[in-house]
Amino acid sequence: MKIVRRSPEPFFYPGGEIGLLLVHGFTGSPAELRPMGDYFRKRGISVHAPLLKGHGTSPEELAGTTWMDWRESVLQAYDRLCRDAGVRRVFAAGLSMGGLLVLDLARHRPLDGVISMCAPIWLKDRRAVFAPLVRFFRPYLPRREVKEAHIEEHLVPYDRLPLVSVGHLLRLIRQVRRRLPEITVPALVIQSERDETVEPSSGRYILKRLGSEEKEFKSYANSSHIITLDRERERLFADVENFIQRVTREEIREEK
124 MKIVRRSPEP
134 FFYPGGEIGL
144 LLVHGFTGSP
154 AELRPMGDYF
164 RKRGISVHAP
174 LLKGHGTSPE
184 ELAGTTWMDW
194 RESVLQAYDR
204 LCRDAGVRRV
214 FAAGLSMGGL
224 LVLDLARHRP
234 LDGVISMCAP
244 IWLKDRRAVF
254 APLVRFFRPY
264 LPRREVKEAH
274 IEEHLVPYDR
284 LPLVSVGHLL
294 RLIRQVRRRL
304 PEITVPALVI
314 QSERDETVEP
324 SSGRYILKRL
334 GSEEKEFKSY
344 ANSSHIITLD
354 RERERLFADV
364 ENFIQRVTRE
374 EIREEK
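Going by this note's numbering, 211 is the number at position 88 of the sequence shown; the sequence numbering is gapless.
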């Protein structure tokens, strides 16, 4: 019988000199990244997936946080990975809102490479833009969207969505979108074409606007938004591994 671990707790796997920071999405938790973390742990990479402030607890706690709190969670996680795992090279990968946060991280901490997975520039639900106003009349909306069973079994979702937090997500999108040309580290942009949450054009926009000289785009035709748990996840993990290996080889060559 398959055993699925649904814990929202962060995980930390000290390993080799290469570190990989994994950042989950809006209202999500490290549970959606655990298979990816296990994949890289087995390959000797130090992995850390933090729990963003206000996540993995309650909708009320999430409503009491801002996008800057989420940024601070990522900065602290980066510092812990460098300090406690003793890594020499650090890559950061983020899913959905986590993709935005790792792109933002590239402006505040040294990174060897960044991986953005299904990060939003545009959301499919156009009602999101009205969240900052609607929240005064209806602070929460019930969770309606249920993922496919092979994805849902890993998730630890909230039953309600605080609209004030949607407003902070929109602020983070605007912040990162403006700053994309300032991000110059090697970048891998990943987008699922069956994304039900984010407009797939978001990935191509990020790729085009990034200031990185070394950047590439990978498209997945048969995956939904939570690409780290979907049917093409093994291909995803291999693509990320190849990116990390290639960038590391190039850096070592330049150091000689």
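Here a beta-carbon is modelled for each residue, glycine too, at the ideal position from N, C-alpha and C. Values in this document were obtained by computation on a predicted structure and should not be read as measured data.
- Query: Pairing CB atoms from the segment 291-304 with CB atoms from the segment 188-195, are three or more of them under 8 Å?
  - Reply: Verdict: yes, contact present.
- Query: Run through DSSP, which three-state label would Arg291 get?
  - Reply: At residue 291 the sequence reads His, which differs from the Arg that was named. DSSP places His291 in helix when its eight states are reduced to three.
- Message: Taking 9 Å as the threshold (C-beta atoms), are Glu316 and Ala344 in contact?
- Response: Yes. Within cutoff.
- Just confirm the distance between the C-beta atoms of Ile274 and Asp353, as a whole number of angstroms; I'd bet it's less than 8 Å. With 8 Å as the limit, Ile274 and Asp353 qualify as a contact, their Cβ atoms being about 6 Å apart.
- Item | Residue burial classification, Gln199 (beta-carbon count within 10 angstroms, cutoff 16) | With fewer than 16 other CB atoms across the displayed protein chains lying within 10 angstroms of its CB, Gln199 is exposed.
- Within this structure, are the beta carbons of Arg203 and Phe134 separated by less than 9 Å? Taking the C-beta atoms as reference points, Phe134 is found no nearer than 9 Å to Arg203.
- Could you give the C-beta distance for Ser219 and Cys241, rounded to a whole number, given that I count them as a contact under 8 Å? Contact holds; Cβ gap of about 5 Å.
- Message: Only counting the same chain, and skipping five residues up and downstream in sequence, which positions put a Cβ closer than 7 Å to that of Leu224?
- Response: Excluding the 5 residues flanking it on each side, Leu224 has same chain C-beta neighbours closer than 7 Å at Val146, Trp193, Arg194, Val197 and Gly217, in chain order.
- Task: Give a yes or no on whether the C-beta atoms belonging to Val312 and Lys341 are separated by under 9 Å.
- Result: Cβ distance < 9 Å, so Val312 and Lys341 count as in contact.
- Task: Specify the secondary structure class of Tyr281 as computed by DSSP and reduced to three states.
- Result: Note: Tyr281 maps to coil in three-state DSSP.
- Query: Can you tell which of Glu184, Gly148 and Gly167 has the C-alpha that lies nearest to the C-alpha of Pro173?
  - Reply: The shortest Cα separation from Pro173 among Glu184, Gly148 and Gly167 belongs to Gly148.
- Query: At which residues does the beta strand (DSSP E) containing Ser98 begin and terminate?
  - Reply: Summary: the structure shown does not reach residue 98, with the chain confined to residues 124 through 379, and so no result is reported for it.
- Nearest to Thr150 by CA position, among Gln368, Leu333 and Leu264, is which residue? The candidate whose alpha carbon is nearest that of Thr150 is Leu264.
- For Gly177 versus Ser288, is the C-beta distance shorter than 9 Å? Yes. Within cutoff.
- Task: Express the C-alpha separation of Ile367 and Pro153 in angstroms, rounding to a whole number.
- Result: Straight through space, the alpha carbons of Ile367 and Pro153 are spaced by roughly 21 Å.
- Is the distance from the Cβ of Leu185 to the Cβ of Ile168 below 9 Å? No, the pair does not count as a contact, with Cβ atoms beyond the cut-off.
- Ser169 bridges to which residues according to DSSP? BP columns for Ser169 point to Gly142.
- Task: Find out if the Cβ-Cβ distance for the pair Asp235, Val370 is shorter than 9 Å.
- Result: Yes, these two residues count as a Cβ contact at 9 Å.
- Can you tell me where the beta strand (DSSP E) with Ser239 in it begins and where it stops? From DSSP, the beta strand (DSSP E) with Ser239 extends over Gly236 to Met240.
- Query: Glu357 lies in the alpha helix (DSSP H); which residues open and close that run?
  - Reply: For Glu357, the enclosing alpha helix (DSSP H) starts and ends at Arg356 to Glu378.
- Looking only at its own chain, which residues have a Cβ that is under 7 Å from the Cβ of Pro158, when we skip the five neighbours before and after it? Non-local beta-carbon contacts of Pro158 in its own chain, meaning distances under 7 Å to residues more than five positions away in sequence, involve Thr351, Leu352 and Arg356 in chain order.
- Start and end of the alpha helix (DSSP H) containing Phe149? No alpha helix (DSSP H) holds Phe149; DSSP gives it neither H nor E.
- Three-way DSSP call (helix, strand, coil) for Glu319 in this model: Look at Glu319 here: in three-state DSSP terms it is coil, with no helix or strand label.
- Task: Taking Ala216 as part of the beta strand (DSSP E), name the residues at either end of that continuous run.
- Result: For Ala216, the enclosing beta strand (DSSP E) covers residues Arg212 to Leu218.
- First and last residue of the uninterrupted beta strand (DSSP E) at Lys338: For Lys338, the enclosing beta strand (DSSP E) starts and ends at Lys338 to Tyr343.
- Go through its chain and collect everything with a Cβ distance to Tyr201's Cβ below 8 Å, but skip five positions before and after it. Leu144, Val213, Ala215, Leu228 and Arg232.
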